[in-house]
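To start, the structure itself, in structure tokens.
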Amino acid sequence: MNRGQKLRAKVRAYRRPFRVPLRTARGLITERRGWLVRIEEEDGTAGYGEAAPLEFFGTETLADAEWFFRSLEAAGTFDLHEALDWAGTRRPCCRFALASAAERRAVPDEAAGRQPFGCSRLLPAGEASRPAVEEGLAAGFGVFKLKVGLGDPVQEQRQVETLCGLLPEWGRLRLDANGAWTPRLAADWLAWAMELPIAYVEQPLPREAEADLTQLDQDFPGQVALDESVVTSDDLKAWRDRGWRGTFVIKPALAGDPSDLLEEIAGGPGDFVFSSALETAVGARASLAVAQACPWPRHALGFGVEGFFEEHDPFGGWTEVPVQRDGLLAGKSAEQLWELAES
Ligand SMILES: [Mg+2]
Numbered sequence: 002m003n004r005g006q007k008l009r010a011k012v013r014a015y016r017r018p019f020r021v022p023l024r025t026a027r028g029l030i031t032e033r034r035g036w037l038v039r040i041e042e043e044d045g046t047a048g049y050g051e052a053a054p055l056e057f058f059g060t061e062t063l064a065d066a067e068w069f070f071r072s073l074e075a076a077g078t079f080d081l082h083e084a085l086d087w088a089g090t091r092r093p094c095c096r097f098a099l100a101s102a103a104e105r106r107a108v109p110d111e112a113a114g115r116q117p118f119g120c121s122r123l124l125p126a127g128e129a130s131r132p133a134v135e136e137g138l139a140a141g142f143g144v145f146k147l148k149v150g151l152g153d154p155v156q157e158q159r160q161v162e163t164l165c166g167l168l169p170e171w172g173r174l175r176l177d178a179n180g181a182w183t184p185r186l187a188a189d190w191l192a193w194a195m196e197l198p199i200a201y202v203e204q205p206l207p208r209e210a211e212a213d214l215t216q217l218d219q220d221f222p223g224q225v226a227l228d229e230s231v232v233t234s235d236d237l238k239a240w241r242d243r244g245w246r247g248t249f250v251i252k253p254a255l256a257g258d259p260s261d262l263l264e265e266i267a268g269g270p271g272d273f274v275f276s277s278a279l280e281t282a283v284g285a286r287a288s289l290a291v292a293q294a295c296p297w298p299r300h301a302l303g304f305g306v307e308g309f310f311e312e313h314d315p316f317g318g319w320t321e322v323p324v325q326r327d328g329l330l331a332g333k334s335a336e337q338l339w340e341l342a343e344s
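Its first residue numbered 2, the sequence shown is counted upward by one per residue in my numbering.
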């Protein structure tokens, strides 16, 4: 799409109930809401994007994203550069939606034939995690992710030991505390985890605890991953400047313009895990295009999130198989999902 030309925007809302309310250390979320945007060129050709804010990740609010796109819609025509500037750094999800719609950024055809991605599977909380690991192993998954920091640490460690005991030698468990721990508790967990097949502990401390996160990274090199701390490419740059040695978990759908993100990623070596923000297949395809373009080692993708949605959820956005070779995401086209959203 020629960035100089006048464009038109249309926006539609979607709501996707979670099968079970999503428990995070910040509380319960019962449904995923967001916006699909259709950007039309003067000749009528269209691209689709998605704004799926998660406020507790420090993105814009749903209401702000709606206001932004309703304003573009009401303006009639708009200039892409001006709209991207207007979205600014305060609306990374709107920037992602606009830029990916305008570029029609999705998994490029030439991606077929490249090295495949492994995929991790996100586990449900509590007792359901064990059968989920068993089913996942039977389906060929080897990397799983469990949310921790939700209850009694002793019980959680027992659960983690049980799950690790199910894994084959090549299997790994990723733990995600969503910032729930104190520095002391985080250090205890990390020291304990060294004996287990745990790939890393994700976001052990809240985003604000920069000095303590840096200390954990020094004390447990390679064992700590940042997620909530690295939402945008500016965050990524700041943590690189601090000398972060662990993994970066990147949710492209929350990170702003994919071109800016890829430029920052390419700026130095690193361990990157690309992850779903529970967006639809529209945003997930644009997110996976970023993962495909990343020049660094291919860690398992964090898009194994189908268990969070109702069985017949039509919006997709997940990986269903343990290894993605090409095409990456099955499911409905952007045009079909657009028709399913509410105008
Ligand atoms: Mg996380």
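Glycine included, C-beta positions come from ideal geometry on N, C-alpha and C. Keep in mind it's a predicted model, so treat the numbers as computed, not measured.
With respect to the beta strand (DSSP E) encompassing residue i, which residues constitute its N-terminal and C-terminal limits?
i, result
"Phe304", "302–305"
"Val202", "199–203"
"Thr248", "248–251"
"Ala177", "The identity of residue 177 in the sequence shown is Asp, whereas the question assumes Ala. Here the beta strand (DSSP E) through Asp177 covers 173–177."
"Phe275", "272–275"
"Val225", "225–227"
Since residue i and residue j should fall inside the 8 Å C-beta cutoff, what is the C-beta to C-beta distance between them, to a whole number of angstroms?
i, j, result
"Trp319", "Ser277", "7 Å"
"Leu174", "Ala192", "With a Cβ gap of about 16 Å, Leu174 and Ala192 do not count as contacting."
"Arg39", "Lys7", "Wrong, their Cβ atoms sit about 15 Å apart, outside the cutoff."
"Pro18", "Phe142", "Pro18 to Phe142, Cβ: 25 Å. No contact."
"Arg92", "Ala66", "7 Å"
"Leu176", "Val161", "7 Å"
"Phe309", "Arg9", "Not really, about 34 Å apart at Cβ, beyond 8 Å."
"Gly247", "Val225", "4 Å"
Taking the beta carbon of residue i as the centre, do at least 16 other beta carbons fall within 10 Å, making it buried, or is it exposed?
i, result
"Ala342", "buried"
"Ser101", "buried"
"Glu203", "buried"
"Asp220", "exposed"
"Leu29", "exposed"
"Ser121", "buried"
"Ser334", "exposed"
"Asp261", "buried"
"Thr281", "buried"
"Thr233", "buried"
"Glu340", "exposed"
"Gly50", "buried"
"Ala140", "exposed"
"Arg33", "buried"
"His300", "buried"
"Leu227", "buried"
"Pro222", "exposed"
"Glu111", "Confidence in Glu111 is poor, its pLDDT being 46 and thus under 50, which makes the residue's placement too unreliable to answer from."
"Thr60", "buried"
"Asp242", "exposed"
What does DSSP give as the partner residues of residue i in its beta bridges?
i, result
"Leu37", "Arg13, Glu51"
"Gly119", "Val324"
"Leu1", "Residue coverage of the chain in this structure runs from 2 to 344, which leaves residue 1 outside it and unanswerable."
"Glu343", "Ala14"
"Val161", "The partner list for Val161 (beta bridge, DSSP) is empty, contrary to what the question assumes."
"Leu147", "Leu176"
"Phe19", "Phe310"
Where do the N-terminal and C-terminal ends of the alpha helix (DSSP H) with residue i fall, by residue?
i, result
"Val232", "Val232 -> no alpha helix (DSSP H), and no H or E assigned at all."
"Glu265", "259–267"
"Pro184", "184–194"
"Thr215", "211–220"
"Cys295", "Neither: Cys295 is in no alpha helix (DSSP H) and is coded neither H nor E."
"Ser130", "130–140"
"Arg243", "Neither: Arg243 is in no alpha helix (DSSP H) and is coded neither H nor E."
"Ser101", "93–104"
Ligand 3 and residue i: does any heavy atom of the ligand fall closer than 7 Å to the residue's C-beta?
i, result
"Glu56", "Ligand 3 is absent from the structure shown, which contains only ligand 1."
### Message
With a threshold of 8 Å, are at least 3 pairs of Cβ atoms found where one atom belongs to the region 131–141 and the other to the region 165–174?
### Response
With the cut-off at 8 Å, the region 131–141 and the region 165–174 touch.
### Query
Should the region 114–129 be called in touch with the region 89–100, which here means at least 3 C-beta pairs below 8 Å?
A contact is defined here as three or more CB-CB pairs under 8 Å, and the region 114–129 fails this definition with respect to the region 89–100.
### Message
Closer than 8 Å is the cut-off here; do at least three beta carbon pairs connect the region 235–255 with the region 281–293?
### Response
Judged by pairs of C-beta atoms under 8 Å, the region 235–255 touches the region 281–293, as three or more such pairs exist.
### Message
Would you call the region 177–191 in contact with the region 150–157, where contact means no fewer than 3 C-beta pairs closer than 8 Å?
### Response
Cβ pair count under 8 Å is three or more, so yes.
### Message
Three or more C-beta pairs under 8 Å: does that hold for the region 311–318 against the region 78–95?
### Response
No, the region 311–318 does not touch the region 78–95.
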